[in-house]
Amino acid sequence: MSLLSGGIRPWAVQRLSAVFMLVAIVLFILKVVAGNIEDFTLWQQWMADPVWNVIIILFWLALFAHAWIGVRDAIMDYVHRDGLRFVVLSLFGFYLIAMLLWMMKIFFMVGHS
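With my numbering applied, the sequence shown corresponds to residues 1347 to 1459, in that order.
Okay, here's the thing in structure tokens:
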């Protein structure tokens, strides 16, 4: 039996995504507090940094993976009818995909208006 089979993989993904998001939020808060970001131009310069671009993209991907696993597990625990479970999971999956696409549109269109 593999350690990454069954419920271990989703459990590990959820825990690792939570730790990554916590670290990213702490770094973000420290940067805002210590960075003297006084106006929108300084904010844009900070957000144009490739390191922060990667951190932000990974943060959103971790958030969506974390949300999918958590909501999926709750739905599987409490929605017992297979057809209804499929519909609810599908709707939530489409919602997460739409939010991911919207986030990408916002993220990659900043400064292009």
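We put the CB at the ideal spot given by N, CA and C, even for glycine.
Quick caveat, the model's predicted, so the values are computed rather than measured.
If we call anything under 8 Å between Cβ atoms a contact, is PHE1438 one with VAL1417?
Position 92 of the sequence shown, counting from 1, holds the residue named residue 1438. Position 71 of the sequence shown, counting from 1, holds the residue named residue 1417. Contact: yes.
Note down, in chain order, each residue of its chain lying with its Cβ closer than 7 Å to the Cβ of LEU1388, except the 5 sequence neighbours on either side.
Here residue 1388 refers to the residue found at position 42 of the sequence shown. Same-chain partners within the cutoff: there are none.
Completely contained alpha helix (DSSP H) runs for the region 1392 to 1429, where each covers 4 or more residues:
1396 to 1424
Only counting the same chain, and skipping five residues up and downstream in sequence, which positions put a Cβ closer than 8 Å to that of LEU1442?
Reading the sequence shown from its first residue, position 96 is the one you call residue 1442. Excluding sequence neighbours, LEU1442 sits near PHE1410, ALA1413, TRP1414.
When burial is assigned at 16 or more other CB atoms within 10 Å of the CB, is SER1436 buried or exposed?
Counting from one through the sequence shown, the residue named residue 1436 turns up at place 90. Burial call: exposed.
Answer with buried or exposed for PHE1453, where buried requires no fewer than 16 other C-beta atoms within 10 angstroms of its C-beta.
Position 107 of the sequence shown, counted from the start, is the residue given in the question as residue 1453. PHE1453 is exposed by the Cβ-count criterion.
Going by DSSP, what residue range makes up the alpha helix (DSSP H) through ILE1383?
Locating residue 1383 in the sequence shown gives position 37, counting from the first residue. ILE1383 -> no alpha helix (DSSP H), and no H or E assigned at all.
Measure the Cβ-Cβ separation of LEU1381 and TRP1398 and say whether it is below 8 Å.
The residue given as residue 1381 occupies position 35 in the sequence shown. The residue given as residue 1398 occupies position 52 in the sequence shown. Note that residue 1381 is Gly in the sequence shown here, rather than Leu. It is not a contact, given that the beta carbons lie outside the stated cut-off.
Can you tell me the Cα-Cα spacing of PHE1366 and VAL1400, whole angstroms?
The residue labelled residue 1366 in the question sits at position 20 within the sequence shown. The residue labelled residue 1400 in the question sits at position 54 within the sequence shown. About 13 Å.
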